[in-house]
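S.K.: Below: one structure in structure tokens.
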Amino acid sequence: MSYDDWPDNTMDNRRDAVRKTIRPATLEELKTLGAKRFPIVTDPWCERFNEFLKQHASEKFYRAETHEGAEIVYCRESDKGVWFLPGSGMGIIQSKGLQMLAEVVDSL
646 MSYDDWPDNT MDNRRDAVRK TIRPATLEEL KTLGAKRFPI VTDPWCERFN EFLKQHASEK
706 FYRAETHEGA EIVYCRESDK GVWFLPGSGM GIIQSKGLQM LAEVVDSL
């Protein structure tokens, strides 16, 4: 299920969690996070996460968490982001989630 399919009250809860936890993150910090979350370098999630970091290496990153344990990495300049649940899954943040993240980052 994508972030766009979640009920609005769930999205409101996620927005509140993101507002409370969002912070700038360095590329090195995110590489370290990736190494912890995806310790097997041939894991497809590891490859996708590292590819995302590589594609946006010159941009400013933001990092946040939700109450459900999802971790979010977002780049405002390109309006792109990924989410992952450690040990469970990973995906690209869809338009509704990107809009929410842009609003939160722009309010910082």
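First residue of the sequence shown? That's 646 in the numbering used here, and the numbers climb one at a time after it.
Idealized CB from N, CA, C, for every residue including glycine.
The structure displayed is predicted, hence computed values, not measured ones.
#1: Among Gly732, Ser723, Thr671, whose alpha-carbon lies nearest the alpha-carbon of Leu746?
#2: Got a sec, what are the start and stop residues for the alpha helix (DSSP H) Val750 sits in?
#3: Beta strand (DSSP E) containing Gly714: first to last residue?
#4: Locate the alpha helix (DSSP H) running through Ala680, then write down its first and last residues.
#5: Mapping the DSSP letters down to three states, classify Glu696 as helix, strand or coil.
#6: Find out if the Cβ-Cβ distance for the pair Val727, Gly714 is shorter than 8 Å.
#7: Exposed or buried, which one is His601 when buried takes at least 16 other CB atoms within 10 Å?
#8: Keeping to the same chain, check which residues put their C-beta closer than 8 Å to that of Val750; ignore five residues upstream and five downstream.
#9: Measuring CA to CA, which of Pro731, Pro669, Ser752, Asp661 is closest to Ala680?
#10: Spatial neighbours of Arg659 within its chain, please: CB distance less than 6 Å, with the 5 preceding and 5 following residues excluded, ordered by chain position.
#11: Among Ala709, Glu696, Pro689, which one has its Cα closest to the Cα of Gly742?
M.R.: Based on what the coordinates show:
#1: Selected option, being the one with the closest Cα: Ser723.
#2: Per DSSP, the unbroken alpha helix (DSSP H) holding Val750 starts and ends at 740–751.
#3: Segment: none, Gly714 is in no beta strand (DSSP E) and carries neither H nor E.
#4: Element bounds for Ala680: 672–682.
#5: In the three-state reduction of the DSSP assignment, Glu696 falls in the helix class.
#6: In this structure, Val727 lies away from Gly714, with their beta-carbon atoms at least 8 Å apart.
#7: Examination of residue 601 is not possible in this model, given that the chain is present from 646 through 753 alone.
#8: If we look at Val750 and ignore the five residues flanking it on each side, its Cβ neighbours are Ile667, Tyr707, Tyr719, Arg721.
#9: The candidate whose alpha carbon is nearest that of Ala680 is Pro731.
#10: Answer for Arg659: Thr711, listed in chain order.
#11: When only C-alpha atoms are compared, the closest one is Ala709.
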